[in-house]
Amino acid sequence: GNSVTQMEGPVTLSEEAFLTINCTYTATGYPSLFWYVQYPGEGLQLLLKATKADDKGSNKGFEATYRKETTSFHLEKGSVQVSDSAVYFCALPLRTGANNLFFGTGTRLTVIP
Amino acid sequence: DGGITQSPKYLFRKEGQNVTLSCEQNLNHDAMYWYRQDPGQGLRLIYYSQIVNDFQKGDIAEGYSVSREKKESFPLTVTSAQKNPTAFYLCASSIQGAQYNEQFFGPGTRLTVL
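Top to bottom, those sequences are chains A and B. Going by the working numbering, the first sequence opens with residue 6, and the numbers climb by one from there. Going by the working numbering, the second sequence opens with residue 13, and the numbers climb by one from there.
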């Protein structure tokens, strides 16, 4: 089945620093790709998604581009805030057309003032 | 507002007792899922259901049971056979067969077995 490999954390950044969290995928075809965010003590929320190759997903200042050449979907933000402190998960469907998702292991981000 | 509710948020049980975690959704989604999350780890799939009265085991189903008698509800029972039940449990739902496969999550239940 499909899978993702996600950059291990934790990541600690100062406020207004640039963020990159790496995610590479292994898949048959070109499935949708997702980034989810989990704030402390909460469930996961969809942060952004890309449904086909070369698409860019964006939300709340975060961006990720679906790159088939490098099989990557790295998460970026130009200027992080303390409120961005959370765990970030990369995910994709287990198989084409499947509802079940494969989640990466998560990357914990801490932003310090 | 549409969404997924899980109750309770915190649950404490004595070792050897069965406990049932509630999950309700009003999104009219056909598919529902239960995940377990341990500290510093990712999500592991326990059970999922694609339609009422049907469900399948996930990666770590041993010691757990589910039912899907209604579209809106997918309760999870943690039985005494589960060796290490203390964890954060997340319920999710999605549109069955949707092209984009997005899952919507509830706020989670933190279970502590004493």
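Positions of the beta carbon are idealized from the N, C-alpha and C atoms, including for glycine.
At a cut-off of 6 Å, would you count residue i as near the ligand SAM, judging by its Cβ distance to the nearest heavy atom?
i, result
"B:G70", "Among the ligands in the structure shown, none appear at all, so the ligand SAM cannot be discussed."
Count the other CB atoms within 10 Å of the CB of residue i; is the residue buried (16 or more) or exposed (fewer)?
i, result
"B:P20", "exposed"
"B:A43", "buried"
"A:V116", "buried"
"B:V78", "buried"
"B:I63", "exposed"
"B:T50", "Sequence check: residue 50 of chain B is Asp here, not Thr. The residue is exposed, with fewer than 16 neighbouring Cβ atoms inside 10 Å."
"A:P98", "buried"
"A:D89", "buried"
"B:L126", "exposed"
"A:P118", "exposed"
"A:A126", "Residue 126 of chain A lies beyond the stretch modelled for chain A, which goes from 6 to 118, so this question has no answer here."
If you reduce the DSSP assignment to three classes, tell me which class residue i lands in.
i, result
"A:V146", "Lying before the first or after the last residue shown, residue 146 of chain A is absent from chain A, which here runs from 6 to 118."
"A:T101", "coil"
"A:N64", "strand"
"A:T31", "strand"
"A:T76", "coil"
"B:Q115", "coil"
"A:A58", "coil"
"B:M44", "strand"
"A:Y93", "strand"
"B:S85", "strand"
"B:I63", "strand"
"B:L39", "coil"
State the CB to CB distance for the pair residue i and residue j, rounded to an integer number of angstroms; the pair is presumed to be in contact (CB under 8 Å).
i, j, result
"B:A104", "B:Y47", "7 Å"
"A:F94", "A:F78", "With a Cβ gap of about 12 Å, A:F94 and A:F78 do not count as contacting."
"A:G46", "B:L102", "Their Cβ separation, rounded to whole angstroms, is 12 Å, which puts A:G46 and B:L102 out of contact at 8 Å."
"B:G120", "B:Q18", "6 Å"
Identify each residue in the segment 19 to 48 of chain B for which the Cβ-Cβ distance to at least one residue of chain A is less than 7 Å, and report them in chain order.
Answer in chain order: A43.
In the segment 36 to 56 of chain A, which residues sit with their C-beta less than 9 Å from some C-beta in chain B, listed in chain order?
P36, S37, F39, Y41, Q43, G46, E47, G48, L49, Q50, L51, K54 and T56
Residues of the segment 105 to 118 of chain A whose Cβ lies closer than 7 Å to any Cβ of chain B, in chain order:
N105, L106, F108, G109, T110 and G111
Taking a cut of 8 Å between CB atoms, which residues from the segment 82 to 96 of chain A lie near chain B?
Listed in chain order, the positions of the segment 82 to 96 of chain A with a beta carbon within less than 8 Å of a beta carbon of chain B are F94.
Can you list, in chain order, the residues of the segment 106 to 124 of chain B whose Cβ is nearer than 9 Å to any Cβ on chain A?
S106, I107, Q108, G109, A110, Q111, Y112, N113, E114, Q115, F116, F117, G118, P119, G120 and R122
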